[in-house]
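Enquirer: Attaching a single structure in structure tokens format; questions to follow.
Residue numbers (our numbering): 1 to 184.
Dropping the structure here:
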């Protein structure tokens, strides 16, 4: 279904159209939330909260950007707010929250290989989490969500050259952070 058709049907009270919108975008939004929050349960909850926000905010959508861009912007903002709240809770309670929970591991026949793969993925996740916010966002949208530079620029509300710069610096910073593990 086209974005305009979805919007018209949803505005008209068609609950099936909103369900279709949810089914279309929820998997990508879940992956985005999981990359930001590194916790399956929090990512699942975030997706539900995001779609509640989307439903309540639909009258505000003016069509100046693509529907997908608007949905991603809401999702990114929600995840950033959750991360801020998490840091504040950690600071106030003087407890450190587990910043990175392991993601689901694929079945690997060799336990040694599985352990090495998990360790490598954990190192990369940790390095990505340490990147400055805009670099991390650009990298996640580009590498893991497959968004074009133009789409990333729209989500980040910046220019395509700014996205290119963020990605360049993100890759450079990741390489530096992982250099000691690569033996170079």
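Where is the CB? At the ideal position from N, CA and C, for every residue including glycine.
Which whole runs of the alpha helix (DSSP H) in the region 5-72 are 4 residues long or more, in chain order?
Expert: Whole alpha helix (DSSP H) segments, 4+ residues: 15-37, 40-57.
Enquirer: Jot down the residue ranges of each uninterrupted alpha helix (DSSP H) in the region 148-181, minimum 4 residues, whole runs only, in chain order.
Expert: Runs found: 149-156.
Enquirer: With DSSP run on the structure shown, which of helix, strand or coil describes residue 83?
Expert: For this step, residue 83 is matched to residue 83 along the chain shown. Here residue 83 sits in helix by DSSP.
Enquirer: By Cβ distance below 6 Å, which residues in the same chain neighbour residue 22 in space, the five residues on each side in sequence not counted?
Expert: Numbered from 1 along the chain shown, position 22 holds the residue referred to as residue 22. 51, listed in sequence order.
Enquirer: So is residue 72 buried or exposed if we call it buried at 16+ other beta carbons inside 10 Å?
Expert: Taking the first residue of the chain shown as position 1, residue 72 is located at position 72. With 16 or more Cβ atoms within 10 Å of its Cβ, residue 72 is classed as buried.
Enquirer: Hey, would you say residue 43 sits closer than 8 Å to residue 30, going by beta carbons?
Expert: Locating residue 43 in the chain shown gives position 43, where the first residue counts as 1. Locating residue 30 in the chain shown gives position 30, where the first residue counts as 1. A contact, by the Cβ cut-off of 8 Å.
Enquirer: Given 7 Å as the limit, tell me if residue 44 has its C-beta closer than that to any heavy atom belonging to the ligand GDP.
Expert: Although the ligand GDP was asked about, the structure shown includes no ligands whatsoever.
Enquirer: Using alpha carbons as the reference points, say which of 179, 74, 32 lies closest to residue 145.
Expert: Position 145 of the chain shown holds residue 145. Per the Cα distances, 32.
Enquirer: Around the Cβ of residue 102, are there at least 16 other Cβ atoms within 10 angstroms (buried) or fewer (exposed)?
Expert: Counted from its first residue, the chain shown places residue 102 at position 102. Reliability fails at residue 102, whose pLDDT of 41 lies under 50, so the model's placement of it is uncertain and the value that follows must be treated cautiously. That one is exposed.
Enquirer: Check this for me: beta carbons of residue 78 and residue 45, under 8 Å apart or not?
Expert: Translated into the one-based positions of the chain shown, residue 78 becomes position 78. Translated into the one-based positions of the chain shown, residue 45 becomes position 45. No; because the gap between Cβ atoms is not below 8 Å, this pair is not in contact.
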